[in-house]
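Participant: Once you've had a glance at the structure underneath, I'll fire off some questions.
2 protein chains.
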Amino acid sequence: MPKARQLLDAVRPGGPARGLVADLADVVGRDHVRWTAGDVAPFGHDATPLFSGRPDVVVFPGSTAEVAAVLRVASAAGVPVVPRGAGSNLSAGTVPLRGGVVLVLTRLDRVLEVSRDELLVVAQAGASTAEVAAAAGDQGLLFAPDPGSRTVSTVGGNVATCAGGLRGLKYGVTRNYVLGLEVVLPTGEVIRTGGRLWKDVAGYDLTRLLTGSEGTLGVITEVTLALLPMPATASTGVAYFDDLAAASRAVTAILRAGIVPATLEFLDATCIAAVEDFAHLGLRTDAGALLLFGDDGEADAVARDLGRMGDLCTEHCALDVTLAREVAESEALLSARRCTLPALSRVDSLLVLEDVTVPRPRLPEMVDRITDVARRHDLTIGTFGHAGDGNLHPTAVLDVHDEAAVERTHAAFAEIFAAAIELDGTITGEHGVGAAKLPYLRARLGDDQLALLRRIKTAFDPAGILNPGKLGS
Amino acid sequence: MPKARQLLDAVRPGGPARGLVADLADVVGRDHVRWTAGDVAPFGHDATPLFSGRPDVVVFPGSTAEVAAVLRVASAAGVPVVPRGAGSNLSAGTVPLRGGVVLVLTRLDRVLEVSRDELLVVAQAGASTAEVAAAAGDQGLLFAPDPGSRTVSTVGGNVATCAGGLRGLKYGVTRNYVLGLEVVLPTGEVIRTGGRLWKDVAGYDLTRLLTGSEGTLGVITEVTLALLPMPATASTGVAYFDDLAAASRAVTAILRAGIVPATLEFLDATCIAAVEDFAHLGLRTDAGALLLFGDDGEADAVARDLGRMGDLCTEHCALDVTLAREVAESEALLSARRCTLPALSRVDSLLVLEDVTVPRPRLPEMVDRITDVARRHDLTIGTFGHAGDGNLHPTAVLDVHDEAAVERTHAAFAEIFAAAIELDGTITGEHGVGAAKLPYLRARLGDDQLALLRRIKTAFDPAGILNPGKLGS
Chain L
1 MPKARQLLDA VRPGGPARGL VADLADVVGR DHVRWTAGDV APFGHDATPL FSGRPDVVVF
61 PGSTAEVAAV LRVASAAGVP VVPRGAGSNL SAGTVPLRGG VVLVLTRLDR VLEVSRDELL
121 VVAQAGASTA EVAAAAGDQG LLFAPDPGSR TVSTVGGNVA TCAGGLRGLK YGVTRNYVLG
181 LEVVLPTGEV IRTGGRLWKD VAGYDLTRLL TGSEGTLGVI TEVTLALLPM PATASTGVAY
241 FDDLAAASRA VTAILRAGIV PATLEFLDAT CIAAVEDFAH LGLRTDAGAL LLFGDDGEAD
301 AVARDLGRMG DLCTEHCALD VTLAREVAES EALLSARRCT LPALSRVDSL LVLEDVTVPR
361 PRLPEMVDRI TDVARRHDLT IGTFGHAGDG NLHPTAVLDV HDEAAVERTH AAFAEIFAAA
421 IELDGTITGE HGVGAAKLPY LRARLGDDQL ALLRRIKTAF DPAGILNPGK LGS
Chain R
1 MPKARQLLDA VRPGGPARGL VADLADVVGR DHVRWTAGDV APFGHDATPL FSGRPDVVVF
61 PGSTAEVAAV LRVASAAGVP VVPRGAGSNL SAGTVPLRGG VVLVLTRLDR VLEVSRDELL
121 VVAQAGASTA EVAAAAGDQG LLFAPDPGSR TVSTVGGNVA TCAGGLRGLK YGVTRNYVLG
181 LEVVLPTGEV IRTGGRLWKD VAGYDLTRLL TGSEGTLGVI TEVTLALLPM PATASTGVAY
241 FDDLAAASRA VTAILRAGIV PATLEFLDAT CIAAVEDFAH LGLRTDAGAL LLFGDDGEAD
301 AVARDLGRMG DLCTEHCALD VTLAREVAES EALLSARRCT LPALSRVDSL LVLEDVTVPR
361 PRLPEMVDRI TDVARRHDLT IGTFGHAGDG NLHPTAVLDV HDEAAVERTH AAFAEIFAAA
421 IELDGTITGE HGVGAAKLPY LRARLGDDQL ALLRRIKTAF DPAGILNPGK LGS
């Protein structure tokens with residue numbers, strides 16, 4: 001009898017089959033399996049409110065081979081496996097809806113290589129985004145994707161969700177930086193897609209198909225990501241407007257002037273008030289919209305573009321324009337955007353953050369729709385987001401114990417998703433589908449495409465054990 | 001009896017079933033079907049030497065609905081369908097290996113919309129790359145992908161092959177610019193993937209999966225492509241070196257200096273001689289390698305970067321460095337690179353152009369391997385390519401009637417592909433797998449990944465009618 005089995009006398013009544021726990025312990029070692037109710041509870045939810053499940057077992061494999069062996073054990077037992085990094089996703093993508101095994105990748109946390117000559121980094125999936133960015137920075141290189149969760153998220157999770165962030169228009173999203181993956185298929189095979197190359201068309205683009213597949217097609221264990229030379233400098237300005245429509249006209253003018261800035265972020269009045277109350281940055285709380293604009297690159301080009309953007313804001317009826325005079329001032333301005341979510345979370349006990357995208361010219365229309373929906377459903381919804389790429393984060397703040405308000409929030413967001421689709425937009429720009437958006441996916445993709453997604457899922461995962469109830473279900 | 005049927009008395013003996021031709025004529029109209037041996041022969045091959053097939057019927061649908069109807073007719077008859085744009089691909093990707101219907105998309109040739117405010121273009125698949133680029137240029141916008149075939153290729157073909165080009169390192173390849181697709185599935189359903197959005201993660205990334213799928217998963221009928229503001233200026237310089245190893249050291253120094261130039265192209269001595277003989281540009285034919293370097297952007301930044309790149313070449317033992325003083329000079333330098341293929345094609349009657357990619361630091365090693373292979377097989381192989389992204393085009397020139405030399409060429413390229421894989425590279429960087437590289441795909445991807453490709457193919461095309469004998473077979 002393997003040693004691990006002898007240690008597993010504590011399996012709880014009604015808990016997972018003792019054999020499964022023992023088999024998993026044989027794979028990853030006794031210290032890296034949890035199965036008691038208290039130990040597994042934190043892995044029943046992720047950063048998404050209102051969604052939770054109950055894992056039967058949580059495993060922390062220490063190598064790709066162990067990940068493969070866990071999948072083989074789960075396949076043989078017919079038990080679901082939910083892969084997970086830091087669990088910072090906002091779409092309930094890692095909630096174990098049907099129990100089973102939560103496979104946590106955080107022990108695979110090494111940054112394996114940063115190559116200055118190849119402009120790339122190789123890291124295990126569980127390495128944190130911040131560490132990868134820091135390792136790149138140490139070599140004078142930039143990891144461009146910049147998701148809001150970057151201080152806690154893992155790079156594997158970034159790839160699995162195709163994470164976006166604040167630099168989408170100029171730099172693109174995670175997808176644009178994934179060169180190669182090591183992936184364990186649900187059936188236990190280990191494949192390597194892509195590699196270290198910018199140009200490689202040998203085969204279907206599995207690298208990009210797996211990017212954003214939300215742990216439903218395979219378990220990403222290693223990533224090779226493209227880097228850029230670190231821009232010499234970066235700077236930011238802020239402009240206030242009467243409303244978002246006015247701010248949008250300034251954004252259009254900036255892009256028409258041939259500038260594609262690194263930063264174009266906005267906050268509405270609700271968000272401005274919450275941030276000022278939280279962080280006391282001296283924001284103008286009488287304005288209807290705040291626009292952060294910024295760029296990075298050579299110092300002279302950044303100064304020139306920042307000045308031009310400021311002038312264009314003034315020409316387009318900004319109430320007030322301020323350019324950062326130094327790095328600290330620029331950081332302070334960006335922190336206004338970065339702390340929007342924590343600031344809103346103080347307004348009430350429940351925060352429901354959404355993630356629609358519309359074509360940039362339709363941003364004002366979308367914001368008007370959100371305002372109207374909030375009014376009709378008697379909800380407080382603050383909206384902030386990425387004016388450059390049309391990605392909006394309408395965020396409802398409410399009392400978690402007010403069941404009627406929770407119901408109204410669900411109804412309101414269903415209307416918001418429908419409005420986004422009506423405006424040629426989408427139900428999720430960067431957070432993912434997960435369990436939270438799955439009910440709305442049909443409206444976005446249609447029956448034929450949903451059926452195709454299911455056939456692709458089956459091509460990877462014939463038994464349907466990987467993250468069931470999510471994408472491809 | 002439909003009118004078209006009455007017109008089809010001329011179906012040749014041994015040709016396609018009269019019913020099939022008549023059914024297709026009912027769909028696209030009598031004027032848009034060809035079935036006589038002489039009429040279909042040009043569609044039996046593409047730009048790839050040594051590969052040909054014989055279509056039974058060639059159809060030219062005039063709308064997406066007609067494409068879907070053609071696929072339904074072919075599905076019902078169990079006949080292969082090979083989608084094709086201009087046929088300028090170099091991997092025999094559009095050769096009808098098993099006969100059937102060649103579906104030519106060149107009647108779907110309209111540029112539907114260029115949006116300055118959204119930085120995108122919408123075009124039918126058969127619109128030429130040059131027209132799309134020109135329509136973008138008229139609005140002050142750049143269509144960044146720059147494949148060598150761009151004067152004749154279609155944008156649908158660019159997307160279907162994930163075409164590369166001369167600006168890969170700085171601007172990426174076609175994949176990086178595809179926002180949305182309209183696609184007809186082999187079973188006749190019309191789906192729309194993605195849209196007009198930079199950020200959209202609703203569903204598996206079918207847009208990128210279809211990009212580079214080489215007409216084996218669906219027929220692309222419309223594309224939405226991202227554009228960039230047109231750079232204010234561009235300029236180019238040329239440096240000569242003793243050999244490619246020296247040129248590569250200069251390239252590494254350029255990238256280490258934090259410059260990611262728009263152009264980093266090289267020619268070996270064989271190519272320099274051929275180009276000079278062809279175009280009389282005054283190239284230095286005593287050098288072992290020629291490096292073109294260039295950048296685009298604001299005039300001051302371009303001038304500064306061009307000067308720095310020239311200095312770095314000088315510091316790294318360039319024999320000679322010249323910077324273009326004006327646009328015409330810059331164009332002339334770039335034309336040296338662009339005319340390499342026609343120049344080589346004059347050397348002998350058959351030109352076999354290949355397309356391996358290796359990690360940039362391994363370029364000199366790969367070139368040495370190619371030189372060694374050419375010597376051992378007694379072949380003339382000139383090599384040129386993209387030094388910035390490691391994409392090499394070793395090109396054999398030989399007498400098409402010399403069967404032994406043709407055999408030696410096949411053997412030589414098999415060794416070159418094996419060497420590329422050994423050096424962490426790939427068998428095709430931008431030309432595609434098609435029929436030409438399919439025999440080598442297993443060595444690059446392995447059995448497990450090949451099996452997965454086949455399952456994905458089946459998810460799209462259960463009857464296997466779309467472009468059989470290519471990717472996914």
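Chains as they are written, first to last, in the UniProt record's numbering: chain L, 1 to 473; chain R, 1 to 473.
Every residue gets a Cβ at the ideal spot worked out from N, C-alpha and C, and that includes glycine.
Can you check DSSP and say which residues form a bridge with D268 of chain L?
Facilitator: Within the first sequence, residue 268 of chain L is the residue found at index 268, counting from 1. For D268 of chain L, which the question treats as bridged, DSSP gives the partners L:A289.
Participant: Got a sec? Which residues, its chain only, sit under 7 Å from F51 of chain R by beta carbon, not counting five neighbours each side?
Facilitator: Within the second sequence, residue 51 of chain R is the residue found at index 51, counting from 1. The answer, listed in chain order, is H45, A92, V95, A435, A436.
Participant: I believe T187 of chain R touches L471 of chain R by the beta-carbon criterion, under 8 Å. Please report the beta-carbon distance rounded to the nearest angstrom.
Facilitator: Along the second sequence, one-based indexing puts residue 187 of chain R at 187. Along the second sequence, one-based indexing puts residue 471 of chain R at 471. Between L471 of chain R and T187 of chain R the Cβ distance is about 18 Å, and since that is not below 8 Å, they are no contact.
Participant: Hey, is G78 of chain R's beta-carbon within less than 8 Å of any beta-carbon in chain L?
Facilitator: The sequence position of residue 78 of chain R within the second sequence is 78, counting from 1. So no, G78 of chain R is outside the interface.
Participant: Select from R:A25, R:P361, R:N391, R:R208 the residue whose C-alpha is nearest the C-alpha of L353 of chain R.
Facilitator: Reading the second sequence from its first residue, position 353 is the one you call residue 353 of chain R. Residue R:N391 is the option with its Cα nearest to L353 of chain R.
Participant: Along the chain, where does the alpha helix (DSSP H) containing V367 of chain R start, and where does it finish?
Facilitator: Position 367 of the second sequence holds residue 367 of chain R. 363–376 is the extent of the alpha helix (DSSP H) around V367 of chain R.
Participant: So what does DSSP say about V260 of chain R, is it helix, strand or coil?
Facilitator: As a first step, residue 260 of chain R is located in the second sequence; it is residue number 260 there, counting from the start. Here V260 of chain R sits in coil by DSSP.
Participant: Against P361 of chain R, what residues of chain L qualify as contacts under a CB-to-CB distance less than 9 Å, listed in chain order?
Facilitator: To locate residue 361 of chain R, count along the second sequence from 1; it is residue 361. Result: S115, D117, E118.
Participant: Let me know the alpha helix (DSSP H) ranges lying completely inside the segment 403–432 of chain R, each 4 residues or longer, listed in chain order.
Facilitator: Segments of the alpha helix (DSSP H) lying fully in the segment 403–432 of chain R: 403–422.
Participant: Does the segment 237–257 of chain L come into contact with the segment 295–312 of chain L, if we say contact requires no fewer than three beta-carbon pairs (one atom in each stretch) closer than 8 Å?
Facilitator: The segment 237–257 of chain L is in contact with the segment 295–312 of chain L.
Participant: Any residues in the segment 156–178 of chain L with a beta carbon nearer than 8 Å to a beta carbon of chain R? Which ones, in chain order?
Facilitator: Result list: T161, C162, G164, G168, L169, G172, V173, R175, N176.
Participant: Step through the CB atoms of chain R and report whether any lies within less than 8 Å of the CB of K470 of chain L.
Facilitator: Walking along the first sequence from the start, residue 470 of chain L turns up at place 470. Taking Cβ atoms only, chain R never reaches closer than 8 Å to K470 of chain L, which makes this a no.
Participant: What residue ranges within the segment 88–173 of chain L form continuous beta strand (DSSP E) runs of no fewer than 3 residues, ordered along the chain?
Facilitator: Counting only runs of 3 or more, we get 101–104, 111–115, 120–124.
Participant: With a Cβ-Cβ cutoff of 8 Å, do T211 of chain L and T174 of chain L count as a contact?
Facilitator: By one-based count along the first sequence, residue 211 of chain L stands at place 211. By one-based count along the first sequence, residue 174 of chain L stands at place 174. Their beta carbons are under 8 Å apart, which means T211 of chain L touches T174 of chain L by this criterion.
Participant: With A332 of chain R and L267 of chain R assumed to form a contact (beta carbons below 8 Å), what rounded beta-carbon distance in angstroms separates them?
Facilitator: The residue labelled residue 332 of chain R in the question sits at position 332 within the second sequence. The residue labelled residue 267 of chain R in the question sits at position 267 within the second sequence. Between L267 of chain R and A332 of chain R the Cβ distance is about 14 Å, and since that is not below 8 Å, they are no contact.
Participant: Taking 8 Å as the threshold (C-beta atoms), are G388 of chain R and L169 of chain R in contact?
Facilitator: Translated into the one-based positions of the second sequence, residue 169 of chain R becomes position 169. Translated into the one-based positions of the second sequence, residue 388 of chain R becomes position 388. A contact, by the Cβ cut-off of 8 Å.
Participant: Run through DSSP, which three-state label would residue 492 of chain R get?
Facilitator: Since the displayed chain R opens at 1 and closes at 473, residue 492 of chain R lies outside it and no answer follows.
Participant: Assign G194 of chain L to one of three DSSP states: helix, strand, or coil.
Facilitator: Within the first sequence, residue 194 of chain L is the residue found at index 194, counting from 1. Note: G194 of chain L maps to strand in three-state DSSP.
Participant: Taking only three categories from DSSP, how would you classify H393 of chain R?
Facilitator: As a working mapping, residue 393 of chain R is identified with position 393 in the second sequence. In this structure, H393 of chain R counts as strand in the three-state DSSP scheme.
Participant: List the residues of chain L that S349 of chain R touches, going by C-beta distances under 8 Å, in chain order.
Facilitator: For the purposes of this step, residue 349 of chain R is taken as the residue at position 349 of the second sequence. The premise fails here: S349 of chain R is roughly 29 Å from chain L at the closest Cβ pair, so nothing lies under 8 Å.
Participant: Listed in chain order, which residues of the segment 456–467 of chain L have Cβ atoms closer than 9 Å to some Cβ of chain R?
Facilitator: Residues I456, K457, T458, A459, F460, P462.
Participant: Let me know if A74 of chain L comes out buried or exposed under the rule of 16 or more other beta-carbons within 10 Å of its beta-carbon.
Facilitator: Here residue 74 of chain L refers to the residue found at position 74 when the first sequence is read from its first residue. So A74 of chain L counts as buried.
Participant: Going by DSSP, what residue range makes up the beta strand (DSSP E) through G382 of chain L?
Facilitator: Position 382 of the first sequence, counted from the first residue, corresponds to residue 382 of chain L. Note, G382 of chain L: beta strand (DSSP E), 380–386.
Participant: Near I254 of chain R, what residues of its chain come up, given a Cβ to Cβ distance below 6 Å and the 5 sequence neighbours on each side ignored?
Facilitator: Residue mapping note: residue 254 of chain R aligns to position 254 of the second sequence, counting from 1. Within the same chain, I254 of chain R has close Cβ partners M309, L312.
Participant: Any C-beta of chain L sitting closer than 8 Å to the C-beta of Q449 of chain R?
Facilitator: One-based indexing of the second sequence puts residue 449 of chain R at position 449. Taking Cβ atoms only, chain L reaches closer than 8 Å to Q449 of chain R, which makes this a yes.
Participant: Ends of the alpha helix (DSSP H) at G472 of chain L?
Facilitator: Position 472 of the first sequence holds residue 472 of chain L. Run containing G472 of chain L: none; DSSP gives neither H nor E here.
Participant: With 16 as the cutoff for other CB atoms within 10 Å, does D296 of chain L come out buried or exposed?
Facilitator: Here residue 296 of chain L refers to the residue found at position 296 when the first sequence is read from its first residue. With 16 or more Cβ atoms within 10 Å of its Cβ, D296 of chain L is classed as buried.
Participant: Can you list the residues of chain R that A391 of chain L reaches, using a CB-CB cut of under 7 Å?
Facilitator: In the first sequence, counting from the first residue as 1, residue 391 of chain L sits at position 391. Per the sequence shown, residue 391 of chain L should be read as Asn rather than Ala. Under the 7 Å cutoff, chain R gives K199.
Participant: Tell me which same chain residues have a C-beta within less than 7 Å of the C-beta of E131 of chain L, skipping the five on either side of it?
Facilitator: Along the first sequence, read from residue 1 onward, the residue named residue 131 of chain L stands at position 131. For E131 of chain L, where only same-chain residues beyond five positions count, the Cβ hits under 7 Å are V111.
Participant: Output needed in chain order: residues of the segment 403–428 of chain L with a Cβ under 9 Å from some Cβ in chain R.
Facilitator: Answer set for the segment 403–428 of chain L: D424, G425, T426, I427, T428.
Participant: For M1 of chain L, is the classification buried or exposed, using 16 other Cβ atoms within 10 angstroms of its Cβ as the cut-off for buried?
Facilitator: As a position in the first sequence, residue 1 of chain L is number 1, starting the count at 1. Unreliable placement is indicated for M1 of chain L, whose pLDDT of 39 sits below 50; the coordinate value is still reported in the next sentence. Exposed, since its Cβ has fewer than 16 Cβ neighbours within 10 Å.
Participant: So what's I465 of chain R in DSSP terms, helix, strand or just coil?
Facilitator: The residue you call residue 465 of chain R lines up with position 465 of the second sequence. Reduced to three states, the DSSP call for I465 of chain R is coil.
Participant: Would you say the segment 57–76 of chain L touches the segment 15–34 of chain L, given that touching needs at least three Cβ pairs under 8 Å?
Facilitator: Contact between the segment 57–76 of chain L and the segment 15–34 of chain L is present, because at least three Cβ pairs lie under 8 Å.
Participant: Roughly how far, in whole angstroms, is the beta-carbon of G429 of chain R from the beta-carbon of V201 of chain L, given that I think they are within contact range, below 8 Å?
Facilitator: Here residue 429 of chain R refers to the residue found at position 429 of the second sequence. Here residue 201 of chain L refers to the residue found at position 201 of the first sequence. About 7 Å; that satisfies the 8 Å criterion.
Participant: What separation, rounded to the nearest whole angstrom, lies between the Cα atoms of D9 of chain R and V190 of chain R?
Facilitator: Numbered from its first residue, the second sequence carries residue 9 of chain R at position 9. Numbered from its first residue, the second sequence carries residue 190 of chain R at position 190. Only weak support is given to the placement of D9 of chain R: the predicted model assigns it a pLDDT of 43, under 50, and the question is left unresolved by the model.
Participant: For L453 of chain R, which residues of its own chain have a beta-carbon under 6 Å away from its beta-carbon, when the five flanking residues on both sides are left out?
Facilitator: Here residue 453 of chain R is taken as the residue at index 453 of the second sequence, counted from 1. Excluding residues within five positions, the ones whose Cβ falls inside 6 Å are G472.
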